[in-house]
Amino acid sequence: MSEAVPTGQAVLRRSMSAQRGRILGSSALLIGHQAGEAAVPMLIGVVIDKAVASGQPRQLAFWLAVLAVDFLVLSLCYRFGTRVGTVAGVQADRRLRLAVTTRALASPMDMLPGAIVSVATADARRTTMVNFILPHGIAAAVGAIVAGAALLVVSIPLGLLIVLGTPLLLLLVRWMSTPLERRSSAQQERAADAAGVAVDLVRGVRILKGIGAEKAALSRYRRISRESLGATLHTTRAEAGYSAAVIVVNGVFLAVVALVGGRLAASGSITVGQLVSAVGLAVFLLGPLNTFGEIVAALAAGRASAARIADTLAKPEIAVGTADLTVTDGEFLCVVTDEPTPLLRSLAARPDVLLSPHDADLFAGTIVDNVTAAAAPGMDAAAVMTAAGVDQVAEALPDGLQTAVTERGRSLSGGQRQRVALARALLADPRVLVLHDPTTAVDAVTEAEIARGIRTVRSGRTTVVVTSSPALLAEADRVLFAGTSGTHAQLLRDDADYRAAVLA
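So the mapping is simple: my numbering equals the position in the sequence shown, first residue as 1, plus 104.
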């Protein structure tokens with residue numbers, strides 16, 4: 105499911121087809137449960153007509169034993185059918201979340217991180233819930249058919265009422281669910297927007313405080329949050345109204361069934377036991393009919409969420425090979441450009457390249473945990489941390505390398521975050537390492553020391569640095585600028601545009 109999927113229907117189909125075996129197994133077991141449930145009122149009617157009315161203890165004991173076996177079978181079928189259906193939903197949810205996450209990592213997303221998280225969690229869960237609810241719907245349909253057939257045996261008029269009335273009831277329920285689907289889609293969109301804005305504000309809280317924009321940011325979040333709340337309440341009211349309408353419609357239908365059955369019993373067309381069976385089957389039908397309503401609501405939410413997932417999966421992947429860049433094996437190359445994004449995206453898409461972005465994230469844990477998170481075997485962590493200037497960071501912190509780092513490294517300054525992220529990238533020892541402006545937040549002396557450290561640690565391995573920092577450019581084997589290349593000293597001497605770009 106990692107490839108682009110054009111429609112929400114395709115997302116639903118693929119989610120179900122991947123769990124086809126479990127869905128079929130769950131459906132078969134739940135059909136057994138529904139058939140057993142439908143058999144209960146029939147068996148009670150038989151007990152009344154053949155055992156109680158005749159006064160034969162053996163007949164009573166026999167049919168009570170049959171009833172007990174029926175309860176045992178239907179209970180086991182429900183237990184294991186629900187378990188298999190749950191696994192089908194959970195497995196599909198995991199696959200869909202991975203698909204969304206993979207596409208988010210491989211695409212130049214224009215969505216906020218919070219919105220992506222909303223799609224990968226809430227929307228994926230609603231979409232794959234169909235795998236769990238569908239077997240219940242199939243079983244409910246079979247249960248209704250079994251009940252209708254049983255009623256035909258008891259009385260043809262009652263059976264015809266069920267057989268002809270149920271499809272009309274389902275069409276009515278489906279028609280009532282149409283507004284709910286539209287409102288569910290709007291609710292999910294507003295919720296994703298609110299989550300995205302919240303994450304965006306938390307990430308930039310220091311900047312907002314620095315420029316005094318907290319009130320404007322808070323006002324923006326409140327507005328988005330109110331819109332999300334309004335959409336949620338709108339959808340909740342629709343769900344409540346829909347559920348109430350379904351209950352009323354089902355109740356009217358069952359009342360008609362009970363009324364017809366009562367008149368037949370009064371006229372002597374059916375026995376007392378058959379009347380009890382008919383009323384019991386009418387009550388039993390309440391379960392399948394309510395299940396139909398719940399399934400339609402779940403499908404409406406699932407289709408809306410699947411459409412949002414389809415939009416995310418349809419985002420184009422980063423094209424590999426769109427940037428023309430030749431690097432010699434083991435070379436330390438610096439690239440000076442005012443449009444680094446296309447080059448960085450193209451390089452990042454290659455499997456043998458590790459890109460350390462300018463705004464690399466840190467994770468909750470300690471300094472040393474972050475540095476060694478992806479350490480390659482045989483690498484000297486202490487030497488790498490010295491080369492990246494992390495030893496200076498540790499000296500300035502109360503607990504040194506064991507200092508706790510909060511989410512995204514917000515407890516550290518910009519320069520400290522850059523040095524920890526750089527050490528992590530160097531310690532990973534990739535075949536090709538790409539760094540984007542790794543030293544913009546440190547002072548000139550520290551920057552020169554780090555530049556020499558990068559060259560030392562990466563000696564003999566290919567390194568590409570996208571930067572305009574003179575300290576890094578001076579350490580490069582070759583500098584690429586506007587289609588020309590040479591050493592930093594050569595380009596400073598011969599190219600006025602280069603001098604303006606790096607010395608301005």
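C-beta: ideal position from N, C-alpha, C; glycine also.
It should be emphasised that the depicted structure is a prediction, and the values quoted were computed from it without experimental measurement.
How far does the beta strand (DSSP E) with residue i in it reach, from first residue to last?
{"i": "Arg582", "result": "Arg582 to Phe585"}
Are the beta-carbon atoms of residue i and residue j separated by less than 9 Å?
{"i": "Gln123", "j": "Ala192", "result": "yes"}
{"i": "Leu128", "j": "Ala243", "result": "no"}
{"i": "Val570", "j": "Pro444", "result": "yes"}
{"i": "Ile266", "j": "Leu116", "result": "no"}
{"i": "Asp533", "j": "Thr432", "result": "no"}
{"i": "Phe236", "j": "Thr190", "result": "yes"}
{"i": "Ile399", "j": "Leu238", "result": "yes"}
{"i": "Ala578", "j": "Ala600", "result": "no"}
{"i": "Gly112", "j": "Ala414", "result": "yes"}
{"i": "Leu584", "j": "Val457", "result": "no"}
{"i": "Leu531", "j": "Val568", "result": "no"}
{"i": "Gly377", "j": "Val150", "result": "yes"}
{"i": "Ala405", "j": "Arg183", "result": "no"}
{"i": "Ala464", "j": "Thr476", "result": "no"}
{"i": "Pro392", "j": "Gln138", "result": "yes"}
{"i": "Gly136", "j": "Val177", "result": "yes"}
{"i": "Ile152", "j": "Val353", "result": "no"}
{"i": "Ser259", "j": "Ile374", "result": "yes"}
The alpha helix (DSSP H) with residue i in it runs from where to where?
{"i": "Phe396", "result": "Val376 to Leu417"}
{"i": "Ala500", "result": "Val494 to Ala500"}
{"i": "Ser121", "result": "Gly112 to Ser121"}
{"i": "Leu256", "result": "Ala228 to Val258"}
Going by DSSP, name the residue or residues bridged to residue i.
{"i": "Gly609", "result": "Not covered by the structure: residue 609. The range shown for the chain is 105 to 608."}
{"i": "Val606", "result": "According to DSSP, Val606 bridges with nothing at all."}
{"i": "Ala508", "result": "Thr470"}
Excluding the 5 residues flanking residue i on each side, which residues of the same chain have their C-beta closer than 7 Å to its C-beta?
{"i": "Leu395", "result": "First, the amino acid is wrong: residue 395 is Thr here, not Leu. Taken in chain order, the residues that qualify are His240, Gly241 and Ala244."}
{"i": "Leu596", "result": "Tyr602 and Arg603"}
{"i": "Ala402", "result": "Met233, Val234 and Ile237"}
{"i": "Ala172", "result": "none"}
{"i": "Ala224", "result": "Arg201, Val204 and Thr205"}
{"i": "Gly469", "result": "Val509"}
{"i": "Gly269", "result": "Phe357"}
{"i": "Glu435", "result": "Thr566, Asp581 and Arg582"}
{"i": "Asn474", "result": "Leu466, Phe467, Val509, Val524 and Arg528"}
{"i": "Glu551", "result": "Thr543, Ser573 and Ala575"}
{"i": "Ser589", "result": "Arg582 and Val583"}
I'd like to know whether the C-beta of residue i is nearer than 9 Å to at least one C-beta of chain B.
{"i": "Ala172", "result": "The structure shown has no chain B; it contains just one protein chain."}
Considering only residues of the same chain and omitting the five flanking positions on each side of residue i, which have a CB-CB separation below 6 Å?
{"i": "Leu505", "result": "Ile471, Val472 and Ala498"}
{"i": "Leu501", "result": "Thr507"}
{"i": "Gly397", "result": "Val277 and Val350"}
{"i": "Glu511", "result": "Ala468"}
{"i": "Pro574", "result": "Val606"}
{"i": "Gly513", "result": "Leu466 and Arg521"}
{"i": "Arg535", "result": "Asp456"}
{"i": "Asp598", "result": "none"}
Once the 5 residues before and after residue i are set aside, which same chain residues still bring their CB inside 8 Å of it?
{"i": "Ala142", "result": "Gly247, Val250, Ala251, Ala254, Leu385 and Phe388"}
{"i": "Thr490", "result": "Gly557"}
{"i": "Gly425", "result": "Residue confidence for Gly425 is low, a pLDDT of 48 falling below 50, so the modelled location carries little weight; the figure read from the coordinates is stated next. The answer, listed in chain order, is Ser450."}
{"i": "Leu262", "result": "Leu255, Leu256, Val361, Val364, Gly365, Leu368 and Ala382"}
{"i": "Met120", "result": "Ile127, Ala196, Val234, Asn235 and Leu238"}
{"i": "Leu448", "result": "Leu459, Pro461, Val538, His540 and Val570"}
{"i": "Ser323", "result": "none"}
{"i": "Phe175", "result": "Gly140 and Val144"}
Exercise. Within the stretch 514-592, note down every full alpha helix (DSSP H) run reaching 4 residues or more, in order along the chain.
Key: Taken in chain order, the complete alpha helix (DSSP H) segments of 4 or more residues contained in the stretch 514-592 are 518-532, 548-561 and 574-579.
Practice problem: Would you list, in sequence order, the uninterrupted beta strand (DSSP E) runs of no fewer than 3 residues that lie entirely inside the stretch 435-484? | Solution: Counting whole runs of 3 or more residues, the stretch 435-484 contains the beta strand (DSSP E) stretches 436-440 and 457-460.
Quiz item: Which runs of the beta strand (DSSP E) spanning at least 3 residues fall entirely within the stretch 140-211, listed in chain order?
Solution: Those beta strand (DSSP E) runs which fall completely within the stretch 140-211 and span 3+ residues do not exist here.
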